[in-house]
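If you read the sequence shown in our numbering, its first letter stands for residue 4, the second for the next number, and so on.
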Amino acid sequence: MWLLILIKVYMTSSQKSECPNGNNFVNLGSTCYWFSSDVAAEKRSWPDARKRCQELGTHISMKVDLAEIGYSYLSDQLLLYTIGDKGDWVWLGASDAESENVWKWVTSGRSLSLRDSLWWDTQPNSEGENSGNCLVGFNPTPTRINIRTYIGDWQCEKQLAFVCQIF
């Protein structure tokens, strides 16, 4: 419980001027994010979500794309907490479309390890009905007190909420 209070206090007290005002960007740690679920529950396919993020960047004259994990421990934890708290399945900015099971963040080109502790149980999977080439962040038990967010691969054409990040 104390951790949740500390996170909420930090999130409200550490708003920095680097996030553009009036565009629904939220500062989590030292990184600015835009949650489509905060704006008319907007849902898109992974390619269309990525395009929407880039359009936001053009509008504010900044580089914006689907969110990545691995830049700042604090920002990562706050992002994952927020995703879990909202309870949405959201597109994140990694894919293995170029080479199966070789996951890369699309903006930075960094690798995403298959051994990362954020992967859900049998994820990533390259077979079956729910296999895909695009990265999703989700909370498998959003109605419980546990708001842990995991990642998994999902079908890129599914309509999901998404998170954009200023780079």
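Note that beta-carbon positions come from the ideal geometry of N, C-alpha and C, so glycine has one too.
Bear in mind the structure is a predicted one, so any value in this text is a computation, not a measurement.
Where K11 falls: helix, strand or coil (DSSP): For K11, the pLDDT reaches just 45, beneath the cut-off of 50, and the residue's location in the model is therefore unreliable, leaving the point undetermined.
Through-space distance from T152 to V29, alpha-carbon basis: 18 Å
- prompt: Do W49 and the ligand PLP come close, with the Cβ less than 6 Å from some heavy atom?
  reply: This structure does not include the ligand PLP; it has no bound ligands of any sort.
task: Could you please give the first and the last residue of the uninterrupted beta strand (DSSP E) stretch that includes L69?
output: V67 to L69
message: Distance check for F170 and E1, CA to CA, integer angstroms please.
response: Nothing about residue 1 can be read from this structure; the chain reaches only from 4 to 170.
message: Which same chain residues end up closer than 8 Å to H62 when comparing Cβ atoms and leaving out the 5 residues on each side of it in sequence?
response: N26
- request: Identify whether Q168 lies in helix, strand or coil by the three-state DSSP scheme.
  value: strand
message: Pull the bridge partners of V29 from the DSSP assignment, please.
response: Y36
task: Helix, strand or coil for R47, going by three-state DSSP, please let me know.
output: strand
- prompt: For L81, which residues from the same chain have a beta carbon less than 6 Å from its beta carbon, with the 5 sequence-adjacent residues on both sides left out?
  reply: L31 and G32
message: List, from N- to C-terminal side, the beta strand (DSSP E) runs of 3 residues or more that fit wholly inside the region 51 to 111.
response: 67 to 69, 93 to 98 and 106 to 108
query: Where DSSP assigns a beta bridge to W157, which residues make up the other side?
result: C137
- prompt: Any C-beta of chain B sitting closer than 7 Å to the C-beta of W123?
  reply: No chain B is part of this structure, which consists of one protein chain only.
task: With DSSP as the reference, please indicate the residues paired to L115 in a beta bridge.
output: W106
message: Looking only at its chain, what residues have a beta carbon closer than 6 Å to the beta carbon of V12, apart from the 5 residues adjacent to it on each side?
response: In this prediction, V12 scores a pLDDT of 37, lower than 50, which makes its location untrustworthy; the coordinate-derived value is nonetheless stated afterwards. Closer than 6 Å at the Cβ level, and outside the excluded window around V12, lies no residue.
message: On the CB-based measure, 16 or more other CB atoms within 10 Å of its CB, does S129 come out buried or exposed?
response: exposed
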